[in-house]
Amino acid sequence: MRPILAGWLVLFAGACNTTEGQVELHWAFLDRDSAPVVPGNTLTIPDTCSLLGTFDEQVGPTRYALEVVLHICLPDCEAGCDDPACQVIAPQVFSCETTRATMDIPAGDTPYVFSTEVVARQTDGDSCSCTLTSACVATPGARQRRVTAGLVTDLQVQQLLLTTLDFAEDFDANNDLHLDIATCCEPTPVCP
0 MRPILAGWLV LFAGACNTTE GQVELHWAFL DRDSAPVVPG NTLTIPDTCS LLGTFDEQVG
60 PTRYALEVVL HICLPDCEAG CDDPACQVIA PQVFSCETTR ATMDIPAGDT PYVFSTEVVA
120 RQTDGDSCSC TLTSACVATP GARQRRVTAG LVTDLQVQQL LLTTLDFAED FDANNDLHLD
180 IATCCEPTPV CP
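Numbering follows numbering that gives the first Met the number 0, with no gaps: position 31 of the sequence shown is 30.
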């Protein structure tokens, strides 16, 4: 009996990860009056994958998706979070179909800096994308959290306020949510 117990203990000890912890992130999109958009209006809008609006003033209305990006950086890194040398891992882009994510992150002795941003990606035509500025979306400030090996670090619910959206006015009878973002988009270099 003891050899079997010892074998199980060795198996379980090997399965425990001593160099990584998990980070859990939840987010919710709200309109300018803090009314829930996603999740919350799941009978009408299950996700942020097919919004309709002006992405580029020269092109006119198009379909696009809103995706959440999580940046995890080292504190006090002089080069800033845009420099890969300051990133704990590459920025994590989460699907428009979800509002929750869990990922494995290297554990650290000091707290990491966690910040979120919202990216709009065209789903019609070319795959242009842009980071939304504060003129269209208010995101929480950066948070510092320590990631401990074998434990879950909960970043809590990130409320992403779409400051130009009024859900009651901008949701139409065709089940389309209209959100023009041309004035608050910072296009990536691949955009025409």
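From the three backbone atoms N, C-alpha and C, an ideal C-beta is built for every residue, glycine too. Owing to the predicted nature of the structure, the values given are computational and were not obtained by experimental measurement.
Which residues share a DSSP beta bridge with residue i?
{"i": "GLU19", "result": "PRO105"}
{"i": "ALA137", "result": "LEU160"}
{"i": "ARG62", "result": "LEU51"}
{"i": "CYS95", "result": "DSSP, once it has assigned bridges, lists no residue as partnering CYS95."}
I'd like the span of the beta strand (DSSP E) that includes residue i, first residue to last.
{"i": "GLU168", "result": "Counting along the chain, GLU168 falls outside any beta strand (DSSP E), though it belongs to the alpha helix (DSSP H) covering 166–169."}
{"i": "LEU51", "result": "50–55"}
{"i": "ARG120", "result": "111–121"}
{"i": "ILE88", "result": "Element bounds for ILE88: n/a, residue is neither H nor E."}
{"i": "PHE153", "result": "In the sequence under discussion, the amino acid at residue 153 is Asp, which differs from the Phe named in the question. 151–161 is the extent of the beta strand (DSSP E) around ASP153."}
{"i": "VAL58", "result": "Segment: none, VAL58 is in no beta strand (DSSP E) and carries neither H nor E."}
{"i": "SER35", "result": "In the sequence as presented, Ser is not what sits at residue 35; that position holds Pro. Counting along the chain, the beta strand (DSSP E) containing PRO35 begins and ends at 35–37."}
{"i": "THR130", "result": "128–131"}
{"i": "ARG31", "result": "From DSSP, ARG31 is part of no beta strand (DSSP E); its letter is neither H nor E."}
{"i": "ARG144", "result": "142–144"}
Can you tell me the Cβ-Cβ gap for residue i and residue j, rounded? I've got them flagged as a contact below 8 Å.
{"i": "PHE170", "j": "THR61", "result": "18 Å between Cβ atoms; not a contact."}
{"i": "GLU19", "j": "ALA148", "result": "6 Å"}
{"i": "VAL37", "j": "ASP46", "result": "6 Å"}
{"i": "ALA27", "j": "THR98", "result": "6 Å"}
By Cβ distance, which residues of its chain are closer than 7 Å to residue i, with the 5 residues on each side in sequence left out?
{"i": "ALA78", "result": "ALA84 and CYS85"}
{"i": "LEU154", "result": "VAL22, GLU23, LEU24, PHE113, ARG142 and ARG144"}
{"i": "CYS183", "result": "LEU131, THR132, ALA134 and CYS135"}
{"i": "VAL146", "result": "GLY20, VAL22, ILE104, ALA106, GLY107, TYR111 and THR152"}
{"i": "GLU96", "result": "ASP46 and CYS48"}
Grab me the residues of residue i's own chain with a C-beta within less than 6 Å of its C-beta, minus the 5 sequence neighbours each way, in chain order.
{"i": "LEU50", "result": "TYR63, LEU176 and LEU178"}
{"i": "GLY39", "result": "none"}
{"i": "THR53", "result": "PRO60, ASP179 and ALA181"}
{"i": "VAL92", "result": "GLU66 and VAL68"}
{"i": "PRO139", "result": "GLN157"}
{"i": "LEU160", "result": "LEU29 and ALA137"}
{"i": "CYS76", "result": "CYS85"}
Using a Cβ-Cβ cut-off of 8 Å (strictly less than) and excluding sequence neighbours within five positions of residue i, which residues of its own chain qualify?
{"i": "GLY6", "result": "Any reading at GLY6 is ruled out, since the residue's pLDDT is 45, under 50, leaving its predicted position unreliable."}
{"i": "CYS80", "result": "HIS70, CYS72, GLN86, VAL112 and SER114"}
{"i": "ARG31", "result": "LEU160, LEU161, THR162, THR163, LEU164 and ASP165"}
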